[in-house]
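S.K.: Residue numbers (our numbering), protein chains in the order written: chain A, 1 to 311; chain B, 1001 to 1347.
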Amino acid sequence: MATTIEVSAAPPTRTQATTAPARPWSFTSVLIYALLILGALIVIFPFIWMVLGSFKTLQESNRFPPTFWPETWQPQNYLNAWLRPPHTLGRYMVNSLVIATFGTSIQVVFCALAGFAFAQLHFRGRDLLFILVLATTMIPNEITLIPNFVTIRRFPLFGGNDLFGAGGSGLYDSYAAVILPGLVGAFNIFLLRQAFMGVPKEFWEAAQIDGCSSFGYLWRIMVPLTLPSLLTVAIFGFIGRWNGLLWPLLVTRTEAIRPVQMAMIYYQTEFLTDYGMLMAASLLITLPIVILFLLLQRQFIEGIVNTGLKG
Amino acid sequence: MATLRMARKRWQTNQRRTSGWGGVLYLLPALIILLIFEIWPILFNLYISLWRWDVGPLKFVGLANYQRLFGEGFITRDYNDQLAVGEVLHSLIVTIYYVLGRVPITIVLAFILAYLLFIWVQRGRAVLRTAYFLPYVTSSAAMALVFGWMFNPRLGVVNALLQTIGLPTLTWLDDPFPLLERMVPGLAWLPNLAAGPSTAMIVIILYSIWTSLGYNIVIYLAGLSAVPKELLEAARIDGAGGWTILRRIIWPLVSPTTFFLLIANMISAFQAFDPIYVLTRKSSAGAGEAGGPLDTTLTVTVYIFRNFYERANSVGYAATVAFLLFFIILGLTVMQFSMLNRKVHYQ
Chain A
1 MATTIEVSAA PPTRTQATTA PARPWSFTSV LIYALLILGA LIVIFPFIWM
51 VLGSFKTLQE SNRFPPTFWP ETWQPQNYLN AWLRPPHTLG RYMVNSLVIA
101 TFGTSIQVVF CALAGFAFAQ LHFRGRDLLF ILVLATTMIP NEITLIPNFV
151 TIRRFPLFGG NDLFGAGGSG LYDSYAAVIL PGLVGAFNIF LLRQAFMGVP
201 KEFWEAAQID GCSSFGYLWR IMVPLTLPSL LTVAIFGFIG RWNGLLWPLL
251 VTRTEAIRPV QMAMIYYQTE FLTDYGMLMA ASLLITLPIV ILFLLLQRQF
301 IEGIVNTGLK G
Chain B
1001 MATLRMARKR WQTNQRRTSG WGGVLYLLPA LIILLIFEIW PILFNLYISL
1051 WRWDVGPLKF VGLANYQRLF GEGFITRDYN DQLAVGEVLH SLIVTIYYVL
1101 GRVPITIVLA FILAYLLFIW VQRGRAVLRT AYFLPYVTSS AAMALVFGWM
1151 FNPRLGVVNA LLQTIGLPTL TWLDDPFPLL ERMVPGLAWL PNLAAGPSTA
1201 MIVIILYSIW TSLGYNIVIY LAGLSAVPKE LLEAARIDGA GGWTILRRII
1251 WPLVSPTTFF LLIANMISAF QAFDPIYVLT RKSSAGAGEA GGPLDTTLTV
1301 TVYIFRNFYE RANSVGYAAT VAFLLFFIIL GLTVMQFSML NRKVHYQ
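1) Quick one: residues in its chain with C-beta nearer than 8 Å to the C-beta of isoleucine 289/A, no 5 flanking neighbours on either side, listed in chain order?
2) Relative to the C-alpha of glycine 185/A, which residue among Gln107/A, Asn95/A, Ala176/A and Val94/A is closest?
3) Run through chain A and tell me which residues come within less than 7 Å of aspartate 1274/B, C-beta to C-beta.
4) Name, going along the chain, the residues of the region 117-130 of chain A whose beta-carbon falls closer than 8 Å to a beta-carbon of chain B.
5) Could you pull out every residue in the same chain whose Cβ sits closer than 8 Å to the Cβ of isoleucine 44/A, ignoring the five residues on either side in sequence?
6) So, with DSSP's three-state summary, where would you put threonine 3/A?
7) So, leucine 1330/B versus proline 140/A, is the Cβ gap smaller than 9 Å?
8) On the three-pair Cβ rule with 8 Å, is the region 127-139 of chain A touching the region 200-219 of chain A?
9) Write down every uninterrupted run of the alpha helix (DSSP H) in the region 152-239 of chain A whose length is 4 residues or greater and which is fully enclosed by it, in chain order.
10) Tell me, please, which residues DSSP counts as bridged to lysine 1229/B.
11) Could you work out which residues of chain B lie near alanine 186/A, taking near to mean beta carbons separated by less than 7 Å?
12) Closer than 7 Å, Cβ to Cβ, to anything on chain A: give me those residues from the region 1144-1157 of chain B, in chain order.
13) Do glutamate 1087/B and tyrosine 1309/B have their beta-carbon atoms positioned less than 9 Å apart in this structure?
14) Pick out whichever of Ile1093/B, Leu1034/B, Ala1114/B and Gly1242/B has its Cα sitting closest to the Cα of proline 1197/B.
15) Considering only residues of the region 1207-1282 of chain B, which uninterrupted alpha helix (DSSP H) runs meet the minimum length of 4 residues and lie entirely inside it, listed in chain order?
16) With distance defined between alpha-carbon atoms, name the residue in Val1218/B, Ile1245/B and Met1183/B nearest to glutamate 966/B.
17) Isoleucine 291/A touches chain B at which residues, Cβ-Cβ below 9 Å?
18) Taking only beta-carbon positions, decide if isoleucine 99/A is within less than 9 Å of chain B.
19) Measure the alpha-carbon distance for phenylalanine 1327/B versus valine 1321/B and round it to whole angstroms.
20) With C-beta atoms as the reference, is isoleucine 1219/B less than 9 Å away from threonine 1169/B?
21) Pull up the CB-CB distance for aspartate 1054/B and serine 1140/B, whole angstroms please, since I reckon it's below 8 Å.
22) Residue range of the beta strand (DSSP E) that valine 1184/B falls in?
23) Could you tell me if the beta carbon of alanine 1126/B falls within a distance shorter than 8 Å of some heavy atom in the ligand MG?
24) For the beta strand (DSSP E) that alanine 1084/B lies in, which residues bound it at each end?
25) Would you mind giving the Cβ-Cβ distance between tyrosine 1136/B and serine 1212/B, rounded to the nearest angstrom? I have them listed as a contact below 8 Å.
26) Taking only beta-carbon positions, decide if arginine 1129/B is within less than 9 Å of chain A.
27) Cβ of proline 1293/B less than 9 Å from any chain A Cβ?
28) Under three-state DSSP, which class holds serine 987/B?
29) Residues of the region 1088-1109 of chain B with a CB closer than 9 Å to any CB of chain A: list them in chain order, please.
30) To which residues of the same chain is leucine 272/A closer than 7 Å at the C-beta, ignoring the five residues directly before and after it?
31) Counting pairs of beta carbons, one from the region 248-265 of chain A and one from the region 52-71 of chain A, are three or more of them closer than 8 Å?
32) Report the neighbours of leucine 192/A on chain B: residues whose CB is nearer than 7 Å to its CB, in chain order.
33) So what does threonine 1076/B bridge to, in DSSP terms?
34) Terminal residues of the continuous alpha helix (DSSP H) containing tryptophan 1149/B?
35) Let's test the definition: count the other Cβ atoms within 10 Å of the Cβ of proline 1104/B and tell me whether it reaches 16, buried, or not, exposed.
36) Give the residues of chain A in contact with asparagine 1045/B, contact being defined as C-beta atoms less than 7 Å apart.
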């Protein structure tokens, strides 16, 4: 999950700006609407094709030229897709849910604690540490991939390993292996620090005079006030983990703990692919994210706009 | 008054002193994770690259992996003892085709669409934006398989469309030949690697444009809404036409956004893995290997994966290649950060 940063010259929080002057329906504007709608239909087409395809029979999906509407609707595909991989799709979904929920929760907590320290607390070496943390956003995934794999396998005292990481397989093939390496994004710390710094300093002084501890202040004042930023970090974390493929592929072996993206691989193994079933499976694993996105859309898009965050 | 100030000052210094350890405690969880899984790996990767390494270290080889990377990795000899392009150079060229095929088109398309949305569309802008953005949040494992079916040479809807409008069909992901050679038969004398991305790579480029377009549109819309409205009004009153406003005002004013997107897209393109893996690991006939056909979609990332995961004893070499990619991406990121600083400075 490489992150890239942009600080816009002027913070454009609402993209819904009402700049377009109200004009009557001219020929040009109708043409441009038509063009934009056509473009949107092209972009949406793979989703439409997926939904329609998910109801087609094996014969129909393997026919050329293809049909647009299914001739015979076969909802059975969904049941087949659900039961097809080594375990039911539900099992993989639960795994992904566990990985995404735990990973994201811990991520939000760790990043909030760190962001709070950088924003509010004074201690020696703080600024130096902050630069160090910020510098890690420049480290791409590829360089950490191999060493992290070795670190996971040789994790001391786990999976039959001794104190020096020899003897067993460490954390390899566990939820922890999937969750740990991407747990703290330095960029999220940066984001939350900015959000915390936006809270007026007077609140902190008032809270201290009232005898509030720093943790109490973080929990009772800061968290409610910066909820949108925390939510942004959480949405990106959740979607990134739900969609993750490469890292879980590397560090898991047991089907019972593998996340849902990996289940997709089992649908395309034969010579004659049952595309109806494949599309049903694609739809089932895409749907939760699409719903989440549609529900939290504003949060999501503003998160991107304000930060340039790229999951 | 003075006593109050002194008391306050003492209270503040006390506060500083007492939060000394507290601050570090707050940081500790995040710092430990970053240290183990972000910072240490750079050194550890260097260490691994000095070894022949499989599941564990086998033999210390010093700089041999680097010699191999810059030696036969770039120029090698084929079975006829002729000079030939090495594996690393090959994957670099493939990567550059991918980046060049994906990034400029994405940015130009995104700018046009964002501009039209911004200037012409009031009603329904949010709905259109959602439609364009949706691919960005969906996973490659699922949606790339949908693309795989759409571009299937025997059954795909894309070939059906091409046939309907009377164009020749293509075998898409099964086809290692450059699209240019397929389109212009007279170019067949060109070596394949010199004639641009393979037809298979075109599908991956199309998929990548499809997923990243919405992100670029959203960023452009934000950049456009930062253009001062008075400026546009003034230009309009002065009689400037839409094209002049676009070229003389809007395009220069969103150029920082364009530069940002250029780098961000390049970084993301150099790192692309999931769609290439999902789309190429099985050909339409069921065989294949990620990076195929004939390695024409074997980008550096996939090449690292292949050495790391699929070849025996090559983990050390994979780590060496990872350093190459690391420096490319680091260079791009530094460019991005330096621009960020300049922009903050100008504010």
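Ideal Cβ placement from N, Cα and C applies to all residues, glycine included.
M.R.: Answer, in terms of the structure:
1) Ile239, Trp242 and Asn243
2) Nearest option by C-alpha distance: Gln107/A.
3) Leu245 and Leu246
4) Ala117, Phe118, Leu121, His122, Phe123, Arg124, Arg126 and Leu129
5) For isoleucine 44/A, where only same-chain residues beyond five positions count, there are no Cβ hits under 8 Å.
6) Its pLDDT being 41, under 50, threonine 3/A is placed unreliably in this model, and the coordinates cannot settle the point.
7) yes
8) no
9) 175-179, 186-197, 201-209 and 214-217
10) The partner list for lysine 1229/B (beta bridge, DSSP) is empty, contrary to what the question assumes.
11) Neighbours of alanine 186/A on chain B, chain order: Leu1034.
12) Leu1145, Val1146, Phe1147, Trp1149, Met1150, Arg1154, Leu1155 and Val1157
13) Against a cut-off of 9 Å, the Cβ pair of glutamate 1087/B and tyrosine 1309/B comes out as no contact.
14) Ile1093/B
15) Positions of the alpha helix (DSSP H) runs, each at least 4 residues long and wholly inside the region 1207-1282 of chain B, are given as 1229-1237, 1255-1270 and 1274-1280 in order along the chain.
16) This structure leaves residue 966/B out entirely; chain B is present only between 1001 and 1347.
17) Per Cβ cutoff of 9 Å: no residues; isoleucine 291/A is ~11 Å from chain B at best.
18) no
19) 10 Å
20) no
21) Not quite, the Cβ-Cβ distance comes to about 29 Å (not below 8 Å), so this is no contact.
22) The continuous stretches of beta strand (DSSP E) do not include valine 1184/B, and DSSP gives it neither H nor E.
23) This structure does not include the ligand MG; it has no bound ligands of any sort.
24) 1083-1085
25) Serine 1212/B and tyrosine 1136/B do touch by the CB rule: their CB atoms are close to 7 Å apart, below 8 Å.
26) Yes, arginine 1129/B lies at the interface with chain A (some Cβ there is under 9 Å from its Cβ).
27) no
28) Because chain B in this structure spans residues 1001 to 1347, residue 987/B falls outside the shown range and cannot be described.
29) Within the region 1088-1109 of chain B, the qualifying residues are Leu1109.
30) Asn62
31) The region 248-265 of chain A, when compared against the region 52-71 of chain A, does not touch it at the 8 Å Cβ threshold.
32) The contacting residues do not exist; leucine 192/A stays about 10 Å from chain B at best.
33) Ala1084/B
34) 1140-1150
35) exposed
36) Ile143, Ile146 and Pro147
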